[in-house]
Amino acid sequence: FPVPSESPEEKNIKIVQDYLEKFYQLPKYRHPSERKKSASVIVEKLKEMQRFFGLNVTGKQDEETLKTMQKPRCGVPDSGN
Amino acid sequence: FMLTPGHPKWKHTNLTYRIINQTTNLTNDVVERYIEEAFQLWKNASSLNITRVLQGEADIKIAFFQRDHGDNSPFDGPNGILAHAFQPGPGIGGDVHFDAEEMWTNTSKDYNLYLVAAHEFGHSLGLSHSTDPGALMYPTYSFHEPSTYVLPQDDINGIQAIYGPADRPVQPTGPTTPTACDPRLTFDAVTTLRGEILFFKDKYFWRKHPQVRRVELNFISLFWPTLPDGIQAAYEDFYRDVVIVFKGKQYWALSGYDIQQGYPKDILNYGFPSSVHAIDAAASYRGKTYFFVNNQFWRYDDQRQSMDPGYPKSIASTFQGIGSRVDAVFQRDDVFFFFSGPIHYAFDFRYQRITKVERNNRWLNC
């Protein structure tokens, strides 16, 4: 069977997760079960990123946040070492 | 600005750098010149002395790598992450890595090596990312013309917080990013653009979209790399679907992100006398374009493409209540919004009178 293509929603979740792991010290969760527990951590990290970029601090992966996450940038994290 | 956690810094101020390898996109001498000039930005603002060595150990080693290159921070191919650097320290400390798979350029095309190098060297010297969108140490890439680039004040403050003032009689200063809610905020030029409103200020513009609450601050150079900073007037020509922007005696036609061919042109083309050296403000209304210069204004007929007879007239004679000189103006729904100092006046053309007076930054949700 053809590999089910990623839904836009899943794609966006991946963009957000990847970005927060790289630049905001979001722990890498291996198992989906861990990911459910981590929802509140992701929201907090998302708010931290939105505050840094002066976006509306919604904790949600809104269009502006996703647009910012896809801009070319430096690989050094925005917070922490 | 932000200092790297733990405030790492170089204990010695005579630093060395070495270019380990080169990119295939640019000739070696361009890379070497760009890297030297990027370090010069930081040297000018501090007491640091940074010189190149051609072999052996160096504090700051510069290299182009791709994908996984052994430092636990793999690159991701074209776009995305462009480069990274390590905080001051021995070994890999201070080193700068560029993603070899990026298209490195010495033009406004993505990505100009000079700007990325200057940013990464900030990390090599102990700076983290700044939340100031106008700062060099802001995390996302924006093009600026390297030949006219000046280190922003935020970055000067940052490097001097680590290494102290520059050892010279006059401390360097740089541009500061305008803050939307500064009650004294003035605009250089304002225009509509396909339903949005653009507020120009220095090297920036705020972009206000009718459906989006947050007003976005951008560099002019991010959208129109070859346009100069300090635009003085702008108006939207609705029929041609272009925005005309003015600086001094020159003007450009913007079609979305593109600058039309054959610009800049001279404002003499509009029929101004040679005594007019710059336009303060401009707005288009019902086939006529109004140009404001000092305390007078001209009216230009868009169809006939010439100035209407009997102009210039005094602004006060036609727009009662509007002071002698305006900074900017735009027209929407029969209302001319005149910006003068930190205040703007809504002049309703149908009733020939001012209907509202407010602070400029009301437009920026303040």
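Protein chains in written order, with the numbering used here: chain V, 44 to 124; chain C, 173 to 538. We treat Cβ as the ideally placed atom computed from N, Cα and C, and that holds for glycine.
query	result
Residues within the segment 286–305 of chain C neighbouring chain V, beta-carbon criterion of under 8 Å	Val288, His291, Glu292, His295, Ser300, His301, Thr303 and Pro305
Which residues DSSP lists as bridging Tyr462 of chain C, in chain order	C:Ala455 and C:Arg471
Ordered list of beta strand (DSSP E) runs contained in the segment 267–320 of chain C, each at least 3 residues	268–271
C-alpha distance - Arg205 of chain C paired with Phe211 of chain C, whole-angstrom precision	10 Å
Range of the contiguous beta strand (DSSP E) that encloses Thr364 of chain C	Ala361 to Leu365
Short-range partners of chain C found in the segment 86–101 of chain V, where Cβ spacing is below 9 Å	Arg94, Phe95, Phe96, Gly97, Leu98 and Asn99
contact_flag[the segment 481–494 of chain C, the segment 338–352 of chain C] where n(CB pairs < 8 Å) is 3 or more	no
Cβ shell of Glu107 of chain V (< 6 Å), same chain only, five flanking positions each side left out	Leu98
Alpha helix (DSSP H) runs wholly inside the segment 191–218 of chain C, at least 4 long, in chain order	200–216
Under 9 Å (Cβ pairs) to chain V, residues found in the segment 354–388 of chain C	Val384, Arg385, Arg386 and Glu388
Cβ shell of Asp374 of chain C (< 8 Å), same chain only, five flanking positions each side left out	Pro347, Pro350, Asp360, Asp401 and Gly402
Coil, strand or helix - Asn99 of chain V by DSSP	coil
Beta-carbon neighbours of Glu107 of chain V, restricted to chain C and to distances below 9 Å	Val384, Arg386 and Glu388
Cut-off 6 Å between Cβ atoms - residues of its own chain near Phe491 of chain C, not counting five sequence neighbours on either side	Phe519
Partner residues on chain C for Pro70 of chain V, Cβ-Cβ distance less than 9 Å	Correct list: empty, because the minimum Cβ distance to chain C is about 16 Å.
Residue burial classification, His449 of chain C (beta-carbon count within 10 angstroms, cutoff 16)	exposed
Chain V residues whose Cβ lies nearer than 9 Å to that of Leu536 of chain C	Chain V residues near Leu536 of chain C: none, gap ~12 Å exceeds 9 Å.
Between the CA atoms of Glu208 of chain C and Val86 of chain V - distance to the nearest angstrom	42 Å
Closest by C-alpha distance to Ile334 of chain C, when choosing among C:Phe371, C:Pro445 and C:Leu175	C:Leu175
Three CB pairs or more closer than 8 Å across the segment 242–256 of chain C and the segment 211–226 of chain C	no
Leu556 of chain C and Leu297 of chain C closer than 8 Å at C-beta	Look at the range of chain C in this structure, 173 to 538, and you will see that residue 556 of chain C is not part of it.
Closest Cα partner of Phe112 of chain V within the set V:Ile56, V:Ser50 and V:Glu49	It should be noted that the sequence gives Met, not Phe, for residue 112 of chain V. When only C-alpha atoms are compared, the closest one is V:Ile56.
Through-space distance from Phe391 of chain C to Ala455 of chain C, alpha-carbon basis	23 Å
Chain C contact for Val119 of chain V (CB, 8 Å cutoff)	yes
Supposed contact pair Met92 of chain V and Tyr72 of chain V - C-beta distance, whole angstroms, cut 8 Å	With a Cβ gap of about 17 Å, Tyr72 of chain V and Met92 of chain V do not count as contacting.
Where Trp535 of chain C falls: helix, strand or coil (DSSP)	helix
C-beta contact flag for Asp277 of chain C and Leu285 of chain C at 8 Å	The question names Asp, yet the displayed sequence has Thr at residue 277 of chain C. Cβ atoms of Thr277 of chain C and Leu285 of chain C: closer than 8 Å.
Sequence-distant residues of the same chain with beta carbon closer than 8 Å to Ile253 of chain C, five excluded per side	Phe247 and Asp271
Stretch-stretch touch, CB-based, cutoff 8 Å, three pairs: the segment 456–467 of chain C with the segment 394–414 of chain C	yes
Which of helix, strand or coil DSSP assigns to Ile334 of chain C	helix
Minimum Cβ-Cβ distance from Ile253 of chain C to chain V less than 8 Å	yes
Beta-carbon gap between Val119 of chain V and His316 of chain C smaller than 8 Å	no
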